Amino acid sequence: MDTKNQILTSALNLFSEYGFDGVSVRDIAKEVGVRESALYKHFKSKQEILDKIAEKMSTEIHEVYKNAQAPEALGSDIVNSYKKISEENLCEMVWNVFKTFTGNSELAKFRQLLFHEKNNGKFAEYYNAFFLDGVVKSQADIFSKLIKSGLFKKYDAEIMAMQFYSPVLFLFQKSDCKNNSEDEMKKLLFEHIQTFGKLYREDIK
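Residue numbers for the sequence shown follow numbering that gives the first Met the number 0, beginning at 0 and rising by one.
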């Protein structure tokens, strides 16, 4: 890993543990093992480090969806892909994405950082884009296509997206409590997806 990426990784680890305001550029440099002056050759400020972390995480989030073959990454192929997927495989797909945003991954640390700092200026923008309105808009676009194709019942796509995503967001926070087993979280997520399907899918009665 080159120095620039080491700085981003170390900064994210420190930010997620101590908060953005609780970490100085000197702290990050010390964690990386370079002088503070050397760090400034790569980044002008702590804010720029955060912005680059967000940029990196945005790319990684898209890769997670793409690798999982999640609807968010399927583009114009959403309807055909959805027709081919079983409910069981859909549950596993969502679970694999869910696991990536929890646990000890960089994406999990980024999500936790944004949640804890969500009332702090730029963090609020990122949290809204990555985990609130941005997600709902993306999923509403998906549900809109599925409704037009006849696969889903004719309800408001944005409300549908909110009803699908809100329990997932709740389970993110529940998983952060660290007192819930993976089996319990998986069971809750699967039951949510199955119940949602019974409510809105035309092919499930």
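Note that the Cβ used here is the ideal one computed from N, Cα and C, for glycine as well.
Please read all numbers here as calculations on a predicted model, not as lab measurements.
Discussion item. Extract the residue ranges of the alpha helix (DSSP H) inside the region 128–173, only unbroken runs of 4 or more that lie entirely within it.
Written reply: 132–147
Worksheet item: Secondary structure at R200, three-state DSSP: helix, strand or coil?
Response: strand
Discussion item. Nearest by alpha-carbon distance to F171: which of L11, H115, M0 and I146 is it?
Written reply: H115
Item to complete: Please state if the CB of V31 and the CB of I6 are separated by a distance shorter than 8 angstroms.
Response: Contact: yes.
Discussion item. Taking the alpha carbon of K98 as the reference point, which residue from K153, D182 and N12 has its own alpha carbon closest?
Written reply: D182
Worksheet item: Can you tell me the Cα-Cα spacing of L150 and A139, whole angstroms?
Response: 14 angstroms
Worksheet entry | Spatially closest choice to L13 from E87, E47, D1 and A28, by CA coordinates | Minimum Cα distance to L13 is reached at A28.
Worksheet item: Which residues in the same chain have their Cβ closer than 7 angstroms to the Cβ of A156, if we skip the five residues on either side of it in sequence?
Response: A139, F142, S143 and I146
Item to complete: Determine the DSSP secondary structure at M184, reduced to helix, strand or coil.
Response: helix
Worksheet item: When you compare each of K43, V24 and M159 to K197 by their alpha carbons, which one comes out closest?
Response: M159
Worksheet item: Taking the alpha-carbon positions, what's the R25 to R34 distance?
Response: 8 angstroms
Fill in: Per-residue DSSP class, three states only, for S104
Looking at S104 - three-state DSSP - the assignment turns out to be coil, as it is neither helix nor strand.
Worksheet item: Cα separation between L112 and F42?
Response: Between the alpha carbons of L112 and F42 lies a distance of about 20 angstroms.
Worksheet entry | 8 angstroms Cβ cutoff met for A10 and I60 | no
Worksheet item: Roughly how many angstroms lie between the CA atoms of T8 and Y154, to the nearest whole one?
Response: 43 angstroms
Worksheet item: Can we say the region 80–87 touches the region 116–134, given the rule of at least three CB pairs closer than 8 angstroms?
Response: no
Worksheet item: How would you write the range of the alpha helix (DSSP H) that H61 sits in, first residue to last?
Response: K45 to N66
Worksheet item: Hey, out of A128, F100, G18 and Q162, whose CA is closest to E62's CA?
Response: F100
Item to complete: Please classify M56: is it buried, with 16 or more other beta-carbons within 10 angstroms of its beta-carbon, or exposed?
Response: buried
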